[in-house]
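Accompanying notes for the structure given below.
In the UniProt record's numbering, the protein residues as written are 1 to 368.
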């Protein structure tokens, strides 16, 4: 029986919450009713609808306008944009506030990513858009709808992944226990704390000192030396991060595509001396060091209030790591980031911690 994260706490959110407007100039016509729903939260807020709900894992994605959370009881909730059925509720209606996924209410969920979840028995489920075969159901779901228009048969509820195959160029089997899901999955960590990357190589995001695409997993050489192995890996939209086994943070790729790319892993000097406990990547970046009561986000470009969470009338961007003063005294167990929003699990074990969290403003999304 598999176990999930040991984190426990309350969920905090800041950033953009008009899910259909994120990444667009205007809300699509079919979603016009939602045009004025949601707001930009410039600092951390408590979710009023989650009062009394303790969270152990929260996830989003570098291109995601939706999120998922796992409660301490192993229940899976989701909310946000839903035109491809990516919330797993059996429909394509937008969901403003976190809602239990009824189709998995009888399962104990231990791990989750956008569109992919795993229960305590090791069963893998997926849902959402199957366009590139990313759901693992041996189909891309493509069909011709009308007038030669191609559409995709999306999975609206979680469906178990039934078949697993292993193929490499020379037939060698490489166990890969830790999976990072992104827009184009490219980075995984294999046994021996080695790092492999493959896929689109633009901006040096693969870490091989060149921008060539890689069709099969290729070893990132920096982490193939004694004492230099990776203990954690994170993938953003155009960049990747790794935490070494001694706690140092390494970066490659680009967080700002108008600047020079980092073609191979380099240490992040701004966070030297900090042991990273949790990190999340988007087109912006947020890191949470393991020392007590600190969260360090940094962001090259502001995007609809997504980061950095410094508060109202404060800077909306930072090219160097800075502390989030609005979270002073609050222990951040985990961070997650979507396309334009950020999520934090704040520890609430003591009365002092509960009181500090209670002082934060409360966010209650409006519904139609």
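Think of the CB as a built atom: it goes at the ideal place given N, C-alpha and C, for glycine as much as any other residue.
For residue 281, the secondary structure class from DSSP, reduced to helix, strand or coil, is strand. The distance from the Cβ of residue 219 to that of residue 194 is about 6 Å, consistent with a contact at the 8 Å cut-off. Between residue 54 and residue 25, the C-beta spacing is not below 8 Å. For residue 10, the secondary structure class from DSSP, reduced to helix, strand or coil, is strand. Fewer than three beta-carbon pairs drawn from the region 34 to 46 and the region 258 to 268 are found closer than 8 Å, and the two stretches are therefore not classed as touching.
Annotated as distal: residue 201 and residue 158, with beta-carbon spacing of 8 Å or more. Spatial neighbours of residue 105 in its own chain (CB-CB distance under 8 Å, excluding positions within 5 residues in sequence) are listed in chain order as 75.
8 Å or more divides the Cβ of residue 99 from the Cβ of residue 67.
For residue 142, the uninterrupted beta strand (DSSP E) run begins and ends at 142 to 146, by DSSP. Separation of residue 20 and residue 69 (C-alpha to C-alpha, rounded to the nearest whole angstrom) is 20 Å. Per DSSP, the beta-bridge partners of residue 335 are 344. From the listed residues 340, 225, 348, 322, the smallest Cα separation to residue 334 is found for 348.
Distance from the CA atom of residue 361 to the CA atom of residue 50, rounded to whole angstroms, is 14 Å. Relative to the Cα of residue 108, the nearest Cα in the group 123, 97, 115 belongs to 123. Secondary structure of residue 363 (DSSP, three-state): strand. Secondary structure of residue 119 (DSSP, three-state): strand.
For residue 89 and residue 48, the gap between their C-alpha atoms comes out near 21 Å. For residue 351, the three-state secondary structure derived from DSSP is helix. Counting the other CB atoms within 10 Å of its CB gives residue 239 a total of 16 or more, which places it among the buried residues. When beta bridges are read from the DSSP output, residue 57 appears opposite 70. Fewer than three beta-carbon pairs drawn from the region 25 to 36 and the region 340 to 359 are found closer than 8 Å, and the two stretches are therefore not classed as touching. Secondary structure of residue 49 (DSSP, three-state): helix. Here DSSP, grouped into helix, strand and coil, assigns residue 266 to strand.
According to DSSP, residue 138 shares a beta bridge with no other residue. Going by beta carbons, residue 244 and residue 228 fall inside the 8 Å limit. The alpha carbon of residue 232 has as its nearest neighbour, out of 242, 251, 225, 224, the alpha carbon of 242.
In summary, residue 153 is exposed, with fewer than 16 beta-carbon neighbours lying within 10 Å of its beta-carbon over all protein chains present. Cα atoms of residue 16 and residue 118: separation of roughly 28 Å, rounded to the nearest angstrom. In the structure shown, the three-state DSSP call for residue 245 is coil. Excluding residues up to 5 positions away in sequence, 329, 330 lie with their Cβ nearer than 7 Å to the Cβ of residue 356 in the same chain.
Shown here, residue 33 sits in a helix according to DSSP, grouped into three states.
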